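Right under this line is the structure:
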């Protein structure tokens with residue numbers, strides 16, 4: 001009977017609530033219980049840098065549904081500040097601890113969704129536990145950082161790590177009036193970009209007053225009276241710091257699944273099939289805690305993105321509630337902005353494509369995003385990766401104006417459909433002088449790429 005079923009979801013953000021909501025829509029009478037470790041559910045974690053920078057004024061502006069909303073409006077029993085400590089697969093129960101009262105709750109399930117997300121990497125260096133060293137993963141993290149930077153005594157910020165979060169935080173902290181230094185161990189920022197585009201990101205940061213240190217490894221975070229004062233690198237440079245933001249990547253929270261005997265795969269992600277089932281058919285997993293597969297190479301990968309988490313959660317919810325939906329894999333499509341420079345990419349890099357055995361060719365062009373005579377036209381720079389034998393598009397990158405996101409989305413569709421460079425060049429794209437040029441940057445890039453496709 002449907003009313004005898006009980007879905008338990010561990011994790012109340014993107015993946016977990018997508019699963020719970022989809023299951024509830026399909027089976028309105030299904031009993032669903034959600035446990036969330038933090039004090040917030042259903043929030044836009046990707047908006048946290050903009051909350052810290054005060055573009056978004058209130059933390060609750062990031063929240064789509066509160067726990068009370070989920071209980072009263074959606075009929076989903078939701079417990080915040082509860083940590084699930086054990087999964088008993090034999091008896092089909094989970095044990096959860098109230099982090100405030102320390103009360104222990106044991107709940108039976110018929111189906112279970114693990115959506116435990118990911119945790120920041122904590123480097124093995126001295127000083128990582130000093131007051132003033134922060135990570136940005138939860139709303140509570142954002143509130144704490146925002147409170148600190150709004151204190152007039154905070155003047156100098158050091159960001160360790162030059163990924164999306166690191167770059168976005170560099171912009172927001174600089175706009176908040178702080179002196180900002182960004183330290184990256186790799187020789188360039190956003191290494192999935194080609195070298196020219198990566199250099200443009202660096203130049204944009206410098207132009208806007210951010211000090212950028214590449215090929216630089218942090219040796220120690222220094223402090224006085226347990227408060228951070230500076231960051232020292234292995235080459236003996238020292239940078240003043242009233243606040244340090246650690247942004248060197250994340251790792252899947254798969255310990256609970258591992259302790260329950262579920263299969264663990266690439267980079268510690270939970271192994272799931274295309275229906276988001278784990279090695280136990282009654283337990284699903286989705287989001288940042290799972291191993292993924294690249295759509296093109298079919299190789300295991302780990303790309304923790306909000307879009308993927310929401311999609312996987314919906315698929316898990318569909319399948320456990322009677323539908324049949326499969327997850328095809330990821331392209332790693334992403335977009336961000338650094339001050340006035342927009343950055344978007346999808347698919348394989350040149351290096352990844354070569355490693356996968358393709359006959360790799362690339363092309364790079366610059367073209368205005370509107371008619372050249374129209375006021376305000378801005379350059380879009382496109383870079384394509386494709387197979388010179390078959391002409392199949394494998395990857396695309398773009399920097400420039402806001403419109404690069406839409407152009408990369410065209411390539412997302414093209415790569416997913418297995419389209420070739422000539423087929424993309426035949427697309428009937430839109431044109432209006434105020435919106436897009438008659439020869440779109442996509443058409444210019446593919447026209448140039450055709451010359452490198454063997455026929």
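In our numbering, the protein residues as written are 1 to 455. Idealized CB from N, CA, C, for every residue including glycine. Note that the structure is a prediction, hence the values are computed from the model and not measured.
- Between residue 125 and residue 274, the C-beta gap is not smaller than 8 Å, which leaves the two residues out of contact.
- In the structure shown, residue 394 falls within a strand segment according to DSSP collapsed to helix, strand and coil.
- The Cβ atoms of residue 132 and residue 263 lie no closer than 8 Å to each other.
- Per DSSP, reduced to three states, the secondary structure at residue 173 is helical.
- In the displayed model, residue 37 falls within coil according to three-state DSSP, outside both helix and strand.
- Residue 143 is not a Cβ neighbour of residue 134, given a cutoff of 8 Å.
- Classified as buried, residue 308 has 16 or more neighbouring CB atoms from the shown chains inside 10 Å of its CB.
- Contact annotation: residue 136 and residue 245 have beta-carbon atoms nearer than 8 Å.
- A residue is called buried when at least 16 other Cβ atoms come within 10 angstroms of its Cβ; residue 102 does not meet this threshold and is exposed.
- For the set 418, 371, 401, the Cα lying nearest the Cα of residue 387 is the one of 418.
- Ranked by how close their Cα comes to the Cα of residue 285, the residues 5, 322, 57, 19 have 19 in first place.
- In the structure shown, residue 230 adopts extended strand secondary structure according to DSSP, grouped into three states.
- With respect to residue 254, residue 342 sits apart: the two C-beta atoms are not nearer than 8 Å.
- Residue 271 holds the alpha-carbon nearest to the alpha-carbon of residue 292 among 271, 310, 155.
- Within its own chain, the residues whose Cβ lies closer than 6 Å to the Cβ of residue 77, once the five positions on either side in sequence are excluded, are 33, listed in chain order.
- Here the segment 397-416 lies against the segment 364-383, with 3 or more beta-carbon pairs under 8 Å apart.
- Residue 50 and residue 172 have their alpha carbons spaced roughly 7 Å apart.
- Every alpha helix (DSSP H) of 4 residues or more that sits fully in the segment 191-277 is shown, in chain order, as 195-207, 255-259.
- Minimum Cα-Cα distance from residue 188 among the listed residues 180, 167, 179 corresponds to 167.
- A check of alpha carbon separations from residue 339 across 107, 110, 204, 161 identifies 204 as the nearest.
- Taking C-beta atoms as the reference points, residue 35 and residue 10 count as a pair closer than 8 Å.
- Across the structure, residue 127 and residue 186 are spaced so that their CA atoms are roughly 22 Å apart.
- Residue 373: not part of any alpha helix (DSSP H); DSSP gives it neither H nor E.
- According to the DSSP assignment, residue 437 belongs to no beta strand (DSSP E), since it is labelled neither H nor E.
- Straight-line spacing of the CA atoms in residue 413 and residue 224 works out to 53 Å.
- Secondary structure at residue 357: coil, using DSSP grouped into helix, strand and coil.
- Annotation: residue 4 is outside any beta strand (DSSP E) and is labelled neither H nor E by DSSP.
- In the DSSP annotation of this structure, the continuous segment of the beta strand (DSSP E) that includes residue 345 starts and ends at 341-347.
- Burial is judged here by how many other beta carbons sit within 10 angstroms of a residue's own beta carbon; residue 288 has at least 16 and is buried.
- Annotation: residue 28 is outside any beta strand (DSSP E) and is labelled neither H nor E by DSSP.
- Minimum Cα-Cα distance from residue 408 among the listed residues 422, 450, 385 corresponds to 385.
- The beta carbons of residue 53 and residue 175 sit about 6 Å from each other, so the pair counts as a contact at 8 Å.
- Non-local C-beta neighbours of residue 140 in its own chain, meaning closer than 7 Å and more than five positions away in sequence, comprise 38, 39, ordered along the chain.
- Around the beta carbon of residue 90, fewer than 16 other beta carbons lie within 10 angstroms, which makes this residue exposed.
- Beta-bridge partners of residue 386 (DSSP): 361, 393.
- Excluding its 5 nearest sequence neighbours in each direction, residue 94 has C-beta neighbours in its own chain below 8 Å: 8, 10, 35, 84, 86, 87, 88, 106, 107, 109, 112, listed in chain order.
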